[in-house]
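Heads up: the structure comes next, in structure tokens.
In the numbering used here, the protein residues as written are 434 to 620.
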């Protein structure tokens with residue numbers, strides 16, 4: 434490779450930064466459509482930081498909280514898409530293993546660690562959060578929720594693969610097994 438040449442181009446010229454950003458944002462189109470339709474909802478980072486909710490809540494329960502308490506839990510679809518397209522990696526996409534088949538965080542460790550990240554300088558740029566339990570409709574689902582869930586499944590990988598729209602937050606430890614599962618085998 435010679436200095437000043439781009440090895441990925443036949444002409445040796447490197448694409449401009451704006452061309453790379455434009456090209457990579459095209460990969461987010463399917464995710465943007467899911468955010469616009471509401472198939473995927475992003476939880477406001479400020480809500481996650483300031484909420485006194487002691488447990489992760491499923492999406493339907495967060496929607497009820499938003500409706501009944503008149504508080505902004507989710508980003509509006511246009512806000513979510515704008516954040517995705519801002520090229521600031523301002524969406525935190527949490528990846529973690531579910532602790533039980535029914536609830537991903539019975540020990541509340543994931544929630545505590547996510548709050549710690551959002552309140553740390555490394556998380557200061559985050560405006561919205563994705564976690565499957567709060568961002569996608571959970572069981573039991575209505576027919577309409579099931580339709581949206583299937584749309585979300587079709588592009589959920591894009592949440593983690595967005596080059597400029599998301600920051601993947603990986604929880605590396607395995608929380609303690611809930612005592613109620615002692616002696617149980619969960620497959």
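For glycine and all other residues, C-beta sits at the position ideal for the given N, C-alpha and C.
Quick caveat, the model's predicted, so the values are computed rather than measured.
- Straight-line measurement puts the Cα of residue 492 at about 6 Å from the Cα of residue 566.
- Per DSSP, residue 561 lies in no alpha helix (DSSP H) segment; the continuous beta strand (DSSP E) that holds it begins and ends at 561-563.
- Going by DSSP, residue 599 is part of the beta strand (DSSP E) stretching over 599-603.
- Between the segment 504-516 and the segment 572-590, the count of C-beta pairs closer than 8 Å stays below three; the two stretches do not touch.
- For residue 528, the beta-bridge partners assigned by DSSP are 603.
- For residue 546, the uninterrupted alpha helix (DSSP H) run begins and ends at 542-551, by DSSP.
- For residue 589, the CB contacts under 8 Å within the same chain, skipping 5 residues up- and downstream, are 473, 565 and 569 in chain order.
- In summary, residue 530 is exposed, with fewer than 16 beta-carbon neighbours lying within 10 Å of its beta-carbon over all protein chains present.
- Straight across, the Cα-Cα distance linking residue 506 with residue 499 is about 6 Å.
- Runs of the alpha helix (DSSP H) lying entirely within the segment 502-528, each at least 4 residues long, are 510-518 in chain order.
- Taken atom to atom, the span from the alpha-carbon of residue 487 to that of residue 537 is near 14 Å.
- By the beta-carbon neighbour count (other beta carbons within 10 angstroms, threshold 16), residue 524 is buried.
- Under the three-state reduction of DSSP output, residue 610 falls in the coil class, being neither helix nor strand.
- Taking C-beta atoms as the reference points, residue 480 and residue 526 fail to come closer than 7 Å.
- Burial is judged here by how many other beta carbons sit within 10 angstroms of a residue's own beta carbon; residue 559 has at least 16 and is buried.
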